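In the UniProt record's numbering, the protein residues as written are 1 to 264.
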């Protein structure tokens, strides 16, 4: 899993991303490759026959085209701005959907990654777009190519207001993706305490494990997500304190490492 940043007020703000790539591409993570800058050397600009740093730089004659432009001998061409077509999914991600857009489009149409406009709006935190799409019939439990739901994408980005909205409209709180990760696991990994709280208060199961045998609490600990870890531990303590003998106690569902962590 990628490194995370601590939860901040930015998770509550709408984001209008600038799409520099095709609308069919969708990556939650960041690129692993970053090119290193070239080192600049003063000697690269000097005349090779002159070694002193105090001697003038090598003289280069002006480009003929540039000289003619300065003299007015050549007509300068103003480059036309490139027109980028913004499709329905990108509009949802940018929060620029209108009611007329939604009426004339299929709200559950999928892109090349099987993501719907609702997926895009949830990931980028466009609350108004989410409301509009759901009101016009968007499926809150539709899945992408990796079985990711809109709730998972909203939770991974820390948009707890959208998480609350989706849960109120029937989103499956314990749905797992192709790696058996839940929305709570993503929120714990990215250290979004408000999102963790929303999920836990709406039935998220903190004892579920993914294919790596990790649960939400262990993911928070391993990634140093201290805020999310505190929320999960406080919720576990609350459940232990309010449990009754007539119903199964959450302690029965806890892993040994969780019980030890709560006790300490």
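Every residue, glycine too, gets a C-beta built ideally from N, C-alpha and C.
All of these numbers come straight from a predicted model, not from anything done at the bench.
Drop a sphere of 10 angstroms on the beta-carbon of residue i, count the other beta-carbons inside from all chains shown, and report buried for 16 or more, exposed for fewer.
i: residue 44; result: Unreliable placement is indicated for residue 44, whose pLDDT of 40 sits below 50; the coordinate value is still reported in the next sentence. Looking at its Cβ environment, which holds fewer than 16 other Cβ atoms inside 10 Å, residue 44 is exposed.
i: residue 178; result: exposed
i: residue 237; result: exposed
i: residue 128; result: exposed
i: residue 100; result: exposed
i: residue 117; result: buried
i: residue 158; result: buried
i: residue 241; result: exposed
i: residue 102; result: buried
i: residue 111; result: buried
i: residue 51; result: Note that residue 51 scores 44 on pLDDT, short of 50, meaning its location in the model is unreliable; the coordinates nonetheless yield the value given after this. Residue 51 is exposed by the Cβ-count criterion.
Which stretch, first to last residue, makes up the alpha helix (DSSP H) that contains residue i?
i: residue 204; result: From DSSP, residue 204 is part of no alpha helix (DSSP H); its letter is neither H nor E.
i: residue 93; result: 88-94
i: residue 186; result: 183-189
i: residue 135; result: 127-135
i: residue 104; result: 99-104
i: residue 160; result: 160-168
i: residue 119; result: 117-123
Could you tell me whether the Cβ atoms of residue i and residue j are closer together than 7 Å?
i: residue 235; j: residue 208; result: no
i: residue 151; j: residue 171; result: yes
i: residue 186; j: residue 134; result: no
i: residue 156; j: residue 121; result: no
i: residue 145; j: residue 113; result: yes
i: residue 204; j: residue 173; result: yes
i: residue 123; j: residue 105; result: no
Using CA coordinates, which residue listed in the options is at the minimum distance from residue i?
i: residue 224; options: 190, 198 and 243; result: 190
i: residue 197; options: 103, 126, 216 and 119; result: 216
i: residue 210; options: 100, 184, 193 and 226; result: 184
i: residue 162; options: 175, 195, 139 and 137; result: 195
i: residue 140; options: 167, 123, 124 and 147; result: 167
i: residue 213; options: 232, 230 and 181; result: 181
i: residue 202; options: 130, 165, 230 and 124; result: 165
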